[in-house]
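Participant: Shown below is the structure under consideration.
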Amino acid sequence: MKLKINIISAMQDYLKQQIEAALRQLAPDLDIPEITIEKPRSPEHGDAATNVALTLAKALKDNPRSIAHKIAERIDATSGYIRSVDVAGPGFINFRFSDSWLADQLSVAYRAGSEYGKGCLLVNKSIQVEFVSANPTGPLTVGHGRNAVLGDTIARVLEWAGGDVQREYYFNNAGRQMRVLTESVRARYLQAVGKDAEFPEGGYEGAYITEIAEKVRNENGDNLTGEEHIAIFRKAAEEGIFEDIKQTLARMNISMDSFFNENTLYEDGSIDKVIGLLREKRLVYEEDGATWFKTTEFGKEKDTVLIKSSGEPTYRLPDIAYHINKIERGFDLAIDVFGADHIATYPDVVAGVKACGFDSEKIDVIVYQFVTIVKDGKPFKMSTRKANFVTLDELMDEVGADVTRFFFLMRAPGTHLEFDIDEAKQAGEKNPVFYLQYAHARIQSILRKVRENYDYSDKSLDFSLLNHDSEVTLIKRILEFPDIITQTAIQREPHKLINYLNDLATAFHKFYHDCRILGVDEQLAFARTGLLTVAAVVLANGLGILGISAPDRM
RNA sequence: GCGCCCGUAGCUCAGCUGGAUAGAGCGUCUGACUUCGGAUCAGAAGGCCGGGGGUUCGAGUCCUCCCGGGCGUACCA
């Protein structure tokens with residue numbers, strides 16, 4: 000389905016219907032194409048425009064402008080929806096919304112109150128968003144931040160579109176990573192109690208490892224030197240790190256609904272079942288002691304190992320089983336959020352799920368490009384193992400959770416994000432997030448003053464009094480909000496919501512400079528108060544979807 | 001080598017899936033309230049949209065070939 004943003008959908012439907020009716024009169028035999036209505040870039044071209052006349056020039060054997068005129072004169076401009084229809088440029092038809100229609104729509108938004116913007120696109124859809132999914136080998140880093148914030152924000156916007164959303168964190172506490180981690184903790188422990196321990200090759204060097212080792216020592220004493228105590232270190236490492244991770248997420252306004260341990264897929268036989276199903280389809284074979292998946296059948300250059308000759312599965316096998324598990328749990332849609340480095344696994348998983356007879360269409364992926372950390376003016380290479388990373392907690396200590404979330408969301412997921420630590424730190428007052436928050440706080444301040452000075456009542460608000468350019472611009476922005484949410488939910492690109500909120504805040508600030516509330520005619524003052532009430536709702540709701548606070552004072 | 005992503009103002013990035021004169025923030029320069037919050041607003045400067053071909057009424061957007069970055073391309077996760 001083609002869906003254009005920035006056009007109020009009711010208006011869009013109305014215009015389409017009008018144009019179709021005109022076309023049926025003009026050319027009864029014509030196969031009417033999908034009519035696109037868009038918002039022109041320049042306000043001079045009206046509030047909405049269509050290019051049908053240009054696209055139909057060939058089919059109708061007429062020049063676009065002539066067609067456009069014929070359509071335009073068959074459209075009723077006195078219906079209440081629009082106040083003008085014009086033909087312009089090479090054959091565009093431009094429409095202008097009527098003041099009364101805008102006032103009516105604003106009134107609808109006003110009555111919706113804090114619910115304004117909620118949609119029904121995904122109502123009755125159960126959706127799972129899986130994100131973060133970092134194995135418990137260390138604190139979350141700035142690198143994980145983009146994943147976490149994107150996943151949570153997309154979950155929020157899907158909820159606003161009516162979806163029933165579950166946030167899930169998938170982890171593996173049984174693989175090689177965890178063994179190395181455990182060995183690292185144990186080595187630090189042994190060193191602490193004065194034993195001559197060799198630090199494992201490629202072990203985790205962060206200070207948090209030493210802290211966990213210290214904790215084990217405090218709780219269990221100095222006698223865990225034998226190999227038989229390894230489980231204690233493992234458990235301490237996993238639990239300690241997971242606690243940190245959950246706290247970090249909570250600080251960022253993120254709360255998971257479920258944690259899924261990869262291990263359950265082994266325990267409940269899912270792994271064996273997948274291998275069995277793939278074997279039935281003759282997509283699996285043994286070679287060199289390993290079990291291979293015939294990914295060449297799906298256009299890949301090489302087949303892929305599912306079970307190593309050591310008998311240990313690669314991560315791809317549980318990944319397939321896990322996604323089948325999601326579908327079996329009944330989700331209508333299962334979204335994965337992962338970084339560009341995992342892109343290669345996605346086709347294998349989809350192919351595996353499909354081959355096992357499940358509907359892989361229900362799986363969707365959001366791939367985001369890497370975050371380049373810039374520190375002291377130069378790129379900063381990070382590695383969890385080497386412990387030369389910046390943790391999310393450190394970042395939030397410096398700039399706060401709101402700024403952190405905003406930075407990760409302000410760019411399209413598909414583009415590389417440059418996160419300049421120094422800039423974020425010194426951002427302070429000029430930070431873009433404050434522009435939005437300030438607009439909200441400023442409106443709240445005005446609303447407080449109105450309550451102090453007037454006996455404000457919304458019983459008989461007359462929004463048709465709002466005719467100033469700045470008022471009309473703000474109203475139009477406000478009316479775009481529900482469509483922006485729908486669009487963001489479909490495209491899963493939260494930066495579009497940010498751009499919109501920026502435009503909205505700009506429209507408000509402009510209004511503020513041009514139009515006063517205190518001291519003008521009371522009916523007008525009340526209408527403006529109503530307008531600002533809705534503007535504040537949109538800012539608060541928009542920021543809420545981004546997981547960012549909307550302060551009343553700052 | 002092959003696959004995916006990216007290349008737009010000095011810097012960081014938008015650009016509504018092919019529309020009209022390519023935008024914003026930061027930075028630079030110039031202006032603006034004796035009343036609602038100057039964390040604001042108005043204006044200026046700044047561009048061969050990496051480059052060449054092509055597709056059509058129309059290309060930053062689509063196809064192709066180069067150039068330049070990132071990430072994959074493991075019996076690592």
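Using numbering that gives the first Met the number 0, the final residue of the first sequence is 553, and nothing's skipped along the way. Backbone N, C-alpha and C define an ideal beta-carbon position, used for all residues, glycine too.
#1: For Thr181 and Phe369, I'd like the C-alpha separation in whole angstroms.
#2: Could you check if Gly518 is buried or exposed, using at least 16 other CB atoms within 10 Å of its CB as the buried criterion?
#3: Determine the extent of the beta strand (DSSP E) in which Ala338 is found, giving its start and end residues.
#4: Nearest to Ile610 by CA position, among Thr505, Ile442, Val398 and Ile362, is which residue?
#5: When you compare only the Cα positions, how much space is there between Ala235 and Phe198?
#6: From Glu285, Phe258 and Asp347, pick the residue whose C-alpha is nearest to that of Thr295; which is it?
#7: Rounded to the nearest angstrom, how far is the Cβ of Ala160 from that of Ile484, given a contact under 8 Å?
#8: Output yes or no for whether 9 Å exceeds the beta carbon distance between Leu22 and Leu53.
#9: Return the chain-ordered list of same chain residues with a C-beta closer than 8 Å to the C-beta of Arg404, the five sequence neighbours on each side being excluded.
#10: Helix, strand or coil for Ser125? Go by DSSP, reduced to three states.
#11: Going by Cα to Cα distance, which pick from Arg95, Glu492, Glu470 and Gln486 is closest to Gly118?
#12: Just verifying my parser: in three-state terms, what is the DSSP assignment at Gln165?
#13: Whole angstroms is fine: what's the gap from Asp98's alpha carbon to His341's?
#14: Taking the beta strand (DSSP E) that Tyr367 falls in, what are its first and last residues?
#15: With a cut-off of 8 Å, do at least 3 Cβ pairs link the region 131-140 to the region 507-515?
#16: Looking only at C-alpha atoms, which of Gln165, Asp457 and Tyr203 sits nearest to Ser254?
#17: In or out: Arg281 buried (at least 16 other Cβ within 10 Å) or exposed?
#18: Go ahead and pull the three-state DSSP assignment for Lys3.
#19: Check Val373 in the structure and name its three-state DSSP category.
#20: Looking only at its own chain, which residues have a Cβ that is under 7 Å from the Cβ of Arg178, when we skip the five neighbours before and after it?
#21: Spatial neighbours of Ile81 within its chain, please: CB distance less than 7 Å, with the 5 preceding and 5 following residues excluded, ordered by chain position.
#22: Take Pro138 as the anchor and find which of Glu393, Ala488 and Lys272 has the nearest alpha-carbon.
#23: Can you give me the Cβ contacts of Leu248 inside the same chain, cut-off strictly under 8 Å, excluding the 5 residues immediately before and after it?
#24: Measuring alpha carbon to alpha carbon, tell me which residue in Gly45, Gln16 and Leu59 is nearest Asp28.
#25: Using the Cα positions of Pro481 and Gln104, report the straight-line distance between them to the nearest angstrom.
#26: Inspect the CB distances between the region 166-174 and the region 119-129 and report whether three or more fall short of 8 Å.
#27: Grab the span of the alpha helix (DSSP H) containing Ile208 for me, first residue to last.
#28: Any idea if Gln24 is buried or exposed, counting beta-carbon neighbours within 10 angstroms, 16 or more meaning buried?
#29: Can you look up Lys299 in the DSSP assignment and give me helix, strand or coil?
#30: In chain order, what residues of the same chain have a beta carbon less than 7 Å from the beta carbon of Arg185, not counting five sequence neighbours either side?
#31: Can you give me the Cβ contacts of Ile445 inside the same chain, cut-off strictly under 7 Å, excluding the 5 residues immediately before and after it?
#32: At the level of alpha carbons, what is the spacing between Asp551 and Ser65?
#33: How about Ser413 and Val366: are their beta carbons less than 9 Å apart?
#34: Counting along the chain, where does the alpha helix (DSSP H) carrying Ala554 start and finish?
#35: Whole angstroms are fine: how far does the CA of Phe337 sit from the CA of Pro431?
#36: Kindly indicate which three-state DSSP category Arg73 falls into: helix, strand or coil?
Facilitator: According to the data block:
#1: 28 Å
#2: exposed
#3: Correcting the residue type first, residue 338 is Gly in the shown sequence and not Ala. It spans Leu332 to Gly338 - the beta strand (DSSP E) in which Gly338 sits, taken as one unbroken run.
#4: Missing from the structure shown is residue 610; the chain here goes from 0 to 553 and no further.
#5: 18 Å
#6: Asp347
#7: 6 Å
#8: no
#9: Val148, Thr152, Met251, Asn252, Leu545, Gly546 and Ile547
#10: strand
#11: Gln486
#12: strand
#13: 51 Å
#14: Ile362 to Tyr367
#15: no
#16: Gln165
#17: exposed
#18: Here Lys3 scores only 49 on pLDDT, less than 50, and its place in the model should not be relied on; the value that follows carries that caveat. Lys3: coil per DSSP, three-state reduction.
#19: strand
#20: none
#21: Phe94, Arg95, Phe96 and Ser97
#22: Glu393
#23: Val131, Leu139, Ala147, Ser254 and Met255
#24: Leu59
#25: 12 Å
#26: yes
#27: Ala206 to Asn219
#28: exposed
#29: coil
#30: Ile229 and Phe232
#31: Ile516 and Leu531
#32: 54 Å
#33: Checking the displayed sequence, the identity of residue 413 turns out to be Gly instead of Ser. Contact: yes.
#34: With the chain covering 0 to 553 only, the question about residue 554 has no answer from this structure.
#35: 26 Å
#36: coil
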